[in-house]
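Please read the structure below before turning to the comments.
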Amino acid sequence: MREMLEIPAPSLQTPGIKGAFQTRLRAARWLWVSLFSWAITRLGIAIVAYIATPLIIDPKGRPYFRPGNTLLDAFGGRWDDGFYLEIVKRGYHYKDMPLPSVAFFPLLPLLMRAGQFVVGDAMVGGLIVTNLALLGATMLFYRLVGDEWGSRVADRGVWYLLIFPTSFFGSALYTESLFLLGAIGALYAARKGRWTWAALLGIVTTSSRLVGLVVAPVLLIEWWMQHRQHPNTGGPPVVALAAPLAVPLGTAAYMFYLQRTFGDALAFAHASAAWGRKPGSPLVMVRQLLERPSEGWIAALLRTHIQLDHSIDALFVLLFLILGCVLLRQRRWSEAVFVLLGAVLSLSSGLWASQRRYMWVLFPVFILLARWGERQWVDRLITTLSLLGLGLFTTLFVNWYWVA
0 MREMLEIPAP SLQTPGIKGA FQTRLRAARW LWVSLFSWAI TRLGIAIVAY IATPLIIDPK
60 GRPYFRPGNT LLDAFGGRWD DGFYLEIVKR GYHYKDMPLP SVAFFPLLPL LMRAGQFVVG
120 DAMVGGLIVT NLALLGATML FYRLVGDEWG SRVADRGVWY LLIFPTSFFG SALYTESLFL
180 LGAIGALYAA RKGRWTWAAL LGIVTTSSRL VGLVVAPVLL IEWWMQHRQH PNTGGPPVVA
240 LAAPLAVPLG TAAYMFYLQR TFGDALAFAH ASAAWGRKPG SPLVMVRQLL ERPSEGWIAA
300 LLRTHIQLDH SIDALFVLLF LILGCVLLRQ RRWSEAVFVL LGAVLSLSSG LWASQRRYMW
360 VLFPVFILLA RWGERQWVDR LITTLSLLGL GLFTTLFVNW YWVA
């Protein structure tokens, strides 16, 4: 009688349950692969930062915001981080300032202030915001790539995105992670026919950076392509055209605020001149970079008269321009436009500085690389070079050396 009442407990060995579990696991692959990749790369970056911070003596004695907490200070107290903290604390400043804070767009400071309200600390709140934004961007990127190219390509794409040499900026008080979240989300929403979400996420990009304006033509191209692919059903409704038209509202709202507060709607552009950023032709920058030094290339290099940082930035830009042209040749129209316009708009600032950071957010490049990464030697090459660059740039950044 006892044997008759003993019902075997469910286990994964039961064929039906095991199959259902595997099905659910595959269905949630976008979630757990994204989460694991994000966690392991952020942990790796944190370990490098923690070990590297005491190794290199800072020659200029830079200020440390949180000397008692290495990781908080490393990612919340370097370079542009200080401007965002100052905006949260005292608001925007423009005139009679050597480095006007109005050059920095408002979305991140607003979210940092909200984070401060929740956790009581603007720096901690800001780091939570940027890291969660990067996690969200990673998940959306996986869905975007996986829907078209499958899970293997999506796995590699997420990995390449998160180990890019300047990807540590996604975990600092910088706008890159918010921009990625908005840009990837806008394209994904458009391809799913969710144009209201595409518009809102597009506004996120233009509230965080001026280059977010390139999302508008990308959404317009997506609308047109869907319209042509579905001639019988008519494709997306005409009202969906409101999405690309809404994208610039983030920048427009900031301009309205600047006009009301400082009497200059373009204060963010005028303030950028303090950093040497002046609108100009990218060709001028290339010509200046290639001009032969008066003492010759070798002598100038030995005397450190050549800005190696500029040459490194130029190599990153060149790589992304080439890959953007490959996307164009493959008729990946919206993706190519995003990469090429994004690179050209960044170059039009008239300054090579930070270009390697600006290139990171041009995410369609990582889809292309992930497709090429099916070849093992290509995958290993991309992974090796990326990890070496990430380790080097992270070490320099946390020790107050200029990276981007």
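For the sequence shown, the tail end lands on 403 under numbering that gives the first Met the number 0, and the numbers increase by one without skipping.
The C-beta atom is built at its ideal place from N, Cα and C for all residues, glycine as well.
Item	Value
Using beta-carbon positions only, say whether Gly234 and Thr204 come within less than 9 Å of one another.	no
Relative to the C-alpha of Gly184, which candidate in Met138, Phe82, Arg151, Asp378 has its C-alpha closest?	Met138
Taking Tyr141 as the reference, give the member of Leu133, Ala153, Glu147 with the closest Cα.	Ala153
Which of the three DSSP states is assigned to Gly390 in this structure?	helix
Rounded to whole angstroms, how far is the Cβ of Phe178 from the Cβ of Arg208, which I believe are closer than 8 Å?	5 Å
Would you call Ala342 buried or exposed, if buried means 16 or more other Cβ atoms sit within 10 Å of its Cβ?	buried
So Thr165 packs on Arg355, CB below 8 Å; how close in whole Å?	5 Å
So what's Gln228 in DSSP terms, helix, strand or just coil?	helix
Considering only their Cβ atoms, is the gap separating Gly125 from Leu70 smaller than 9 Å?	no
Taking the CB atoms as reference points, tell me whether Val377 and Phe267 lie closer together than 9 Å.	no
Output the boundary residues of the alpha helix (DSSP H) element that contains Gly262.	No alpha helix (DSSP H) holds Gly262; DSSP gives it neither H nor E.
Taking buried to mean at least 16 other C-beta atoms within 10 Å of its own C-beta, is Tyr49 buried or exposed?	exposed
Thinking C-alpha only, which one of Arg89, Met96, Leu98 is nearest Met111?	Arg89
Taking the straight line between their C-alpha atoms, what separation do you get for Leu109 and Phe103?	12 Å
Can you round the beta-carbon distance between Leu322 and Val364 to whole angstroms, since I take them to be within the 8 Å contact cut?	5 Å
Whole-angstrom Cβ separation of Tyr159 and Ala369, contact assumed at under 8 Å?	6 Å
Under 8 Å by Cβ, that's how I've got Leu186 and Ser333 pegged, so tell me the actual separation to the nearest angstrom.	7 Å
By the DSSP assignment, the alpha helix (DSSP H) with His92 in it spans what residues?	That residue, His92, is in no alpha helix (DSSP H); it is neither H nor E in DSSP.
Exposed or buried, Glu221, counting other C-beta atoms within 10 Å across all chains shown (16 or more means buried)?	buried
What span of residues does the alpha helix (DSSP H) with Tyr49 cover, start to end?	28 to 51
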